[in-house]
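Report on the structure given below.
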Amino acid sequence: MSVKIKEMLDRPEVLLRGNFACAGCGLSIAYRTAISALERPIVVIPACCASVIQSLHPHVTYNVPTLNIAFAAHASAASGISRAKKRRGEKVTTVVWSGDGGTYDIGVATWSGAAERNEDILHFCYDNGFYSNTGAQRSGATPRGASTTTTPTGKQEKRKSITRIMAAHDVPYIATASIGYPRDLYTKAKKAGNMEGYRFILIDAPCPTGWNSDPAITPELGKLSVQTGYFPLYEVENGKLTFSKRGMKYRDPDKRLPLEEYLDRQGRFKKMTLVQIEELKKDLQFEWDMLLRME
Ligand SMILES: Cc1ncc(C[n+]2csc(CCOP(=O)(O)OP(=O)(O)O)c2C)c(N)n1
Ligand code: SF4
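Okay, so the sequence shown: first residue is 1035 according to the working numbering, each after it adds one.
Set out below in structure tokens:
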């Protein structure tokens, strides 16, 4: 059941004013919404925009204990924190907060080991579909056809399904969420925060700077990604997938908005050919079909 909006508004602010995030940054909306849902979070952040936007000591704008760590070390560092706190009898929520580069690509060995050991960690991946912090290079999360600085004519490969890779680890909880539906995101973060073991939440987080989109429409893009079927909303518990109330109707392709309504609002898709758009649509339907089999 969804939490009340009042509860969300009454929570302490976790990202203070004066941070370095660009206008309309989806990552900062994701962070504020998800981290504020947790009790006593300790957040481990590998190299990414989230390590940059916090500003510099003594003006750090994260209002929760934070460990900045090397790119490929997030879940192993978090494993140590989680175990040490348990040993001391301290109840905390140990969190990994990583970008898609740190999750789909460079941090896989780290989180895969921690997930296999079922460490008591809540792992969020804010997914902007590329390496934004270092100048918009492609990642395993970049969708086919999107232009980045390393794929100027559009990425040739399809986006990885990180949730299905995570599901193969049989972790207790996996969910997807979008900053376009903050209540759904907050509710899932709170639910996962109250569970134990390795939990993973993938958050669709637009990046207006790298996507070449209007910062004012970031929340709208978060909604459109769900409404066009680009980013399905669901939870996987004990191997069984349940589509979320917000995204349920988009199981039916006829209920989805045309994908072009999402693509046309982002400069990164401007150069896509009609053939590339059709290929992307096929990729998305393939992912839906795989998810439907897990229901
Ligand atoms: C081992 C290693 N390789 C490369 C880098 C350079 N680097 C720092 S952040 C980053 C990109 C991170 O991308 P992502 O995880 O998607 O987060 P985002 O920048 O999009 O927030 C890279 C390549 C590094 N710090 N360490
Ligand atoms: S580059 Fe993108 S993800 Fe990074 S702070 Fe700016 S808007 Fe946010």
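For glycine and all other residues, C-beta sits at the position ideal for the given N, C-alpha and C. No experiment lies behind these values; they were computed from the predicted model shown.
Checklist entry - How is the alpha helix (DSSP H) around D1317 delimited, first residue to last? => result L1308 to R1327
Checklist entry - With 8 Å set as the bound, which would you pick, yes or no: does the beta-carbon of A1084 sit closer than that to a beta-carbon of chain C? => result Structure shown: chain C not included; a single protein chain is present.
Checklist entry - For the region 1085 to 1161, which segments carrying the alpha helix (DSSP H) assignment without a break, of at least 4 residues, lie completely within its bounds, in sequence order? => result 1108 to 1121 and 1142 to 1150
Item to check | Neighbour-count burial assignment, L1043, 16 or more Cβ in a 10 Å radius | outcome: exposed
Checklist entry - Thinking C-beta only, is T1262 closer than 8 Å to P1292? => result yes
Item to check | Whether R1178 touches K1189 by CB criterion (8 Å) | outcome: yes
Next on the checklist: Which runs of the beta strand (DSSP E) at least 3 residues long sit entirely within the region 1223 to 1274? Give them in chain order.
Outcome noted: 1233 to 1238 and 1268 to 1271
Checklist entry - How is the alpha helix (DSSP H) around S1062 delimited, first residue to last? => result G1060 to I1069
Checklist entry - Going straight from the alpha carbon of V1086 to that of G1244, what length do you get? => result 15 Å
Item to check | Closest Cα partner of V1260 within the set E1124, P1046, D1286 and M1306 | outcome: D1286
Item to check | Y1096 beta carbon near ligand 1 (any heavy atom closer than 7 Å) | outcome: no
Next on the checklist: Three Cβ pairs or more, each shorter than 8 Å: is that satisfied between the region 1151 to 1159 and the region 1043 to 1061?
Outcome noted: no
Checklist entry - Among G1273, S1116, Y1268 and A1180, which residue has its Cα nearest to the Cα of K1279? => result Y1268
Checklist entry - Hey, is P1216 close to ligand 2, as in C-beta under 7 Å from one of its heavy atoms? => result no
Item to check | Exposure of G1214, with buried meaning 16 or more beta-carbon neighbours within 10 Å | outcome: buried
Item to check | Coil, strand or helix - P1216 by DSSP | outcome: helix
Next on the checklist: Just to confirm my understanding: we take V1098, look at its own chain, exclude 5 residues before and 5 after, and list those with CB closer than 8 Å. What are they?
Outcome noted: V1048, I1069, P1075, I1076 and V1077
Next on the checklist: On the DSSP bridge list, what partners appear for Y1165?
Outcome noted: Q1171
Next on the checklist: For T1168 and K1038, what's the separation of their Cα atoms in angstroms?
Outcome noted: 38 Å
Item to check | Simplified DSSP state of T1187, which is helix, strand or coil | outcome: coil
Next on the checklist: Using 8 Å as the threshold, is the C-beta distance between T1221 and S1089 below it?
Outcome noted: no
Checklist entry - Just to confirm, does N1167 get its C-beta within under 7 Å of one of the non-hydrogen atoms of ligand 2? => result yes
Checklist entry - Nearest-angstrom Cα distance between T1185 and R1172? => result 7 Å
Next on the checklist: For T1183, which residues in the same chain have their Cβ closer than 7 Å to its Cβ, ignoring the five residues on either side in sequence?
Outcome noted: G1169, A1170 and Q1171
Checklist entry - Nearest to K1315 by alpha carbon, out of E1294, S1166, R1045 and F1277? => result E1294
Item to check | Coil, strand or helix - A1209 by DSSP | outcome: strand
Next on the checklist: What does the alpha-carbon distance come out to for the pair C1083 and N1152?
Outcome noted: 27 Å
Checklist entry - Per DSSP, I1199 is paired with what? => result Its beta-bridge partners do not exist; DSSP assigns none.
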